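The structure appears right after this line, and notes come after that.
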Amino acid sequence: MHLTIQSLSKQYRRDFWGLRDFDLEVKPGVIGLLGPNGAGKSTLMRMLATITQPSAGTIQWNGVDVVK
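Going by my numbering, the sequence shown opens with residue 5, and the numbers climb by one from there.
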């Protein structure tokens, strides 16, 4: 499993961002996601599950773009 996220953003309103210009690379063996309230963890998970579309950026799972 290899997950690559580049420049991922989710804008809900003109003045509210769930995530903004987020980059992440997850290699095998990583099993957790931690962060404070309001950091965008739930927004990220919704985009990974393809429940929510990002406003910008790419999500690649094993080299396959899952945003398209």
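We put the CB at the ideal spot given by N, CA and C, even for glycine.
Quick caveat: nothing in here was measured; it's all calculated off a predicted structure.
Where Lys-45 sits in the DSSP three-state scheme
Along the sequence shown, read from residue 1 onward, the residue named residue 45 stands at position 41. Helix.
Take Phe-26 as the anchor and find which of Ile-35, Gln-15, Val-68, Asp-19 has the nearest alpha-carbon.
Start at 1 with the first residue of the sequence shown, and residue 26 comes out as number 22. Comparing Cα positions, the closest option is Gln-15.
Return helix, strand or coil for Leu-37, following the three-state DSSP convention.
Translated into positions along the sequence shown, residue 37 becomes position 33. In this structure, Leu-37 counts as coil in the three-state DSSP scheme.
Beta-carbon spacing of Thr-62, Leu-23 below 9 Å:
Mapped onto the sequence shown, residue 62 falls at position 58. Mapped onto the sequence shown, residue 23 falls at position 19. It is not a contact, given that the beta carbons lie outside the stated cut-off.
Taking the straight line between their C-alpha atoms, what separation do you get for Gly-67 and Gly-39?
Position 63 of the sequence shown, counting from 1, holds the residue named residue 67. Position 35 of the sequence shown, counting from 1, holds the residue named residue 39. Those two C-alpha atoms are separated by around 26 Å.
Does the Cβ-Cβ distance between Met-51 and Pro-58 come in under 9 Å?
If you number the sequence shown from 1, residue 51 lands on position 47. If you number the sequence shown from 1, residue 58 lands on position 54. Contact: yes.
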